[in-house]
Amino acid sequence: MTIQNPPEIDSRKIREILWERKKEVVVSLKSCAHCALCADSCFLYRCRKNDPKYMPSHKVINSIGTIYKKKGKVTRAELEEIRDIVWKRCVLCTRCYCPLGIDIPSLISLARQICRSQGVVHDFEEGKIE
Amino acid sequence: MRIFDFINGPMVWFSFICFFAGTLYQVIAFYSLSKSRARHPRYQQKTDLTRKREPEILDRNSLSYRFAMFRLTVFGRDPGMMLTTTIFHVTLLLTPFIVLAHNILLDLSMGISFPSLSEGATDCLILVVLACCVFFLARRLLVPQVRAITTPSDFLMLLMVAAPFLTGILACHQIGNYDIMISAHVVSGEIMIMALPFTRFIHMIYFFINRFILIHENTLGKGGSRVWR
């Protein structure tokens, strides 16, 4: 049996998706005052004993923020890390609240779209008991 | 031309042009990259007199319901931070306009002036701004949630805000070398004004766009009228 290597990350495609909504992403990332006032609005954050990793701002900065900072030139390992942030740490319930009015769910869904475009998706079968 | 004449003359005009042009650019960019969309109608409770009256806690117009909802807002969850940030932003925007020395300079150069407060009162306002900056710095360093998303640029932002106020009060009371203090005050103020539409301070413009014009879950006012793309 041969193990197939995963295809290379197409940074051009990522840039294409990102550039379509560039201004929205730039403005949202710049508008963020890093105040952490959004933290309490996330039920996962509160369920996970106030772990900062579950704060909506932390999720945005480390997913779409990382992709934008690297201009789409992310490695598969980095994209897999982002996948875990946008799928495992966020359920897109759209209840997060930013006092400055940043549309956090929209940015998380953009990060999911980028991951999906590279075939890096959440394994819904993970941990399933046979 | 001496450097002092330059920072007090052409540099002031340049920084204000930068600020107004940058703000205009951001607003035009937003309108050209967004499109108009009809907002969803907001939920409104209808008063039906024939129906049995709901318990007071479920009545959306009752004071206890409103108070319970207020406790869930960001003001209710973190009152200390929200009170500090409100006071900070109001004093930050207000103080430069009501400082007596600024108004005398405006009057001498352009013949216009704003109402000004006494020196003692403005000193108090400046100290309030600086105290708020110290609070934000302490919060950045001590609260784990804030520390987790803090970058060096956040400290730079705080420094850029605090510097004009600190050097201003030191120059006003002639503490340290007056010439150096007043030059530092003018330069730091100009840097802050120039940086406003292009750096993290952009939230000053986009706060109003994000909260009142863009349609999303948390739009205030009438529910917004535009969406990105």
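Chains as they are written, first to last, in our numbering: chain A, 2 to 131; chain B, 365 to 593. Cβ atoms here follow ideal geometry from the backbone N, Cα and C, with glycine treated the same way.
Those residues which DSSP pairs with residue i across a bridge
i	result
W594 of chain B	Lying outside 365 to 593, the shown extent of chain B, residue 594 of chain B is not represented and no answer is given.
L578 of chain B	B:R590
From the options, residue whose alpha carbon lies closest to that of residue i
i	options	result
V27 of chain A	A:P53, A:C39, A:N6 and A:K72	A:K72
F478 of chain B	B:V492, B:V463, B:I490 and B:L491	B:V463
S473 of chain B	B:G373, B:V498, B:P516 and B:T448	B:G373
T583 of chain B	A:R49, A:E127, A:C97 and A:C116	A:C97
L80 of chain A	A:F44, A:G120 and A:N6	A:G120
C43 of chain A	B:S379, B:L436 and B:F394	B:L436
I566 of chain B	B:F370, B:F378 and B:F394	B:F394
L578 of chain B	B:A402, B:W377, B:F384 and B:F383	B:A402
D518 of chain B	A:I10, A:A34 and A:S118	A:A34
L522 of chain B	B:P443, B:M375, B:R575 and B:V493	B:V493
A527 of chain B	B:C497, B:L505 and B:Q538	B:C497
K31 of chain A	A:R16, A:V122, A:L101 and A:S12	A:L101
I557 of chain B	B:S589, B:G386, B:H537 and B:K399	B:G386
W377 of chain B	B:E554, B:N574 and B:L469	B:E554
D11 of chain A	A:R117, A:K129 and A:H123	A:R117
F368 of chain B	B:H453, B:L520, B:D543 and B:R441	B:D543
G585 of chain B	B:R575, B:R593 and B:M375	B:R575
G588 of chain B	B:I371, B:F383, B:K399 and B:I392	B:K399
L501 of chain B	B:P516, B:S480 and B:T455	B:P516
I83 of chain A	A:G128, A:T95 and A:V122	A:V122
F571 of chain B	B:H453, B:D442, B:I381 and B:Y429	B:H453
L38 of chain A	B:P460, B:F384 and B:G444	B:G444
Proximal chain A residues relative to residue i, where beta-carbon distance stays under 7 Å
i	result
T514 of chain B	H35
T592 of chain B	The displayed chain sequence assigns Trp, not Thr, to residue 592 of chain B. Residues of chain A passing the Cβ test: R22 and E25.
R441 of chain B	D41
H567 of chain B	S32, A34 and L101
V438 of chain B	L38, Y98 and P100
A526 of chain B	Residues of chain A passing the Cβ test: none, with the nearest at roughly 15 Å.
L494 of chain B	Under the 7 Å cutoff, chain A gives no residues; its nearest Cβ is about 18 Å from L494 of chain B.
L397 of chain B	K24
Cut-off 8 Å between Cβ atoms - residues of its own chain near residue i, not counting five sequence neighbours on either side
i	result
R47 of chain A	D41
G540 of chain B	L534
P7 of chain A	R77 and G120
N51 of chain A	A40
I468 of chain B	S477
R16 of chain A	K72 and G73
A465 of chain B	C536
V75 of chain A	I10, S12, I15, T67, I68 and I83
L470 of chain B	I476, S477 and F478
Neighbourhood of residue i by C-beta distance below 6 Å, restricted to the same chain and skipping five residues each side
i	result
Q390 of chain B	P561 and I569
C132 of chain A	Lying outside 2 to 131, the shown extent of chain A, residue 132 of chain A is not represented and no answer is given.
S379 of chain B	E554, I557 and M558
C382 of chain B	M558
I371 of chain B	V550 and V551
R564 of chain B	M521
F434 of chain B	G440
Own chain, CB closer than 7 Å to residue i, minus 5 neighbours either side, in chain order
i	result
I86 of chain A	K60, N63 and S64
M446 of chain B	V438 and F439
T531 of chain B	M545, A548, H549 and S552
F499 of chain B	T448
R49 of chain A	Y55
R504 of chain B	V510, R511, T514 and D518
I18 of chain A	Q114, I115 and S118
R22 of chain A	L111
G66 of chain A	L30
F529 of chain B	I490, V493 and L494
Beta-carbon neighbours of residue i, restricted to chain A and to distances below 9 Å
i	result
N467 of chain B	Those within 9 Å of N467 of chain B in chain A number zero; the least Cβ separation is about 30 Å.
L578 of chain B	G102 and D104
A432 of chain B	Near A432 of chain B there are no residues of chain A at all, since even the closest Cβ is about 16 Å away, more than 9 Å.
N574 of chain B	V28, S29, S32, C99, L101, G102, I103 and D104
D518 of chain B	A34 and H35
R564 of chain B	K31, S32, C33, A34 and H35
Per-residue contacts from residue i into chain B (C-beta, under 8 Å)
i	result
A40 of chain A	Q509
T67 of chain A	Correct list: empty, because the minimum Cβ distance to chain B is about 13 Å.
S58 of chain A	I513
T95 of chain A	E581
Interface residues of chain B facing residue i [CB-CB closer than 9 Å]
i	result
L89 of chain A	The question names Leu, yet the displayed sequence has Lys at residue 89 of chain A. Correct list: empty, because the minimum Cβ distance to chain B is about 17 Å.
V92 of chain A	Near V92 of chain A there are no residues of chain B at all, since even the closest Cβ is about 15 Å away, more than 9 Å.
Residue i: contacting residues in chain B (beta-carbon distance under 7 Å)
i	result
S64 of chain A	Going along chain B, no residue has its Cβ under 7 Å from S64 of chain A, so there is no contact; the nearest lies around 13 Å.
N6 of chain A	Correct list: empty, because the minimum Cβ distance to chain B is about 35 Å.
Partners in chain A for residue i, counting only beta-carbon separations shorter than 8 Å
i	result
F571 of chain B	S32, L101 and G102
M445 of chain B	C36 and L38
A393 of chain B	K24
contact_flag[the segment 97–105 of chain A, the segment 40–60 of chain A] where n(CB pairs < 8 Å) is 3 or more: yes
Cβ contact check for the segment 10–30 of chain A and the segment 471–488 of chain B: 3 or more pairs under 8 Å: no
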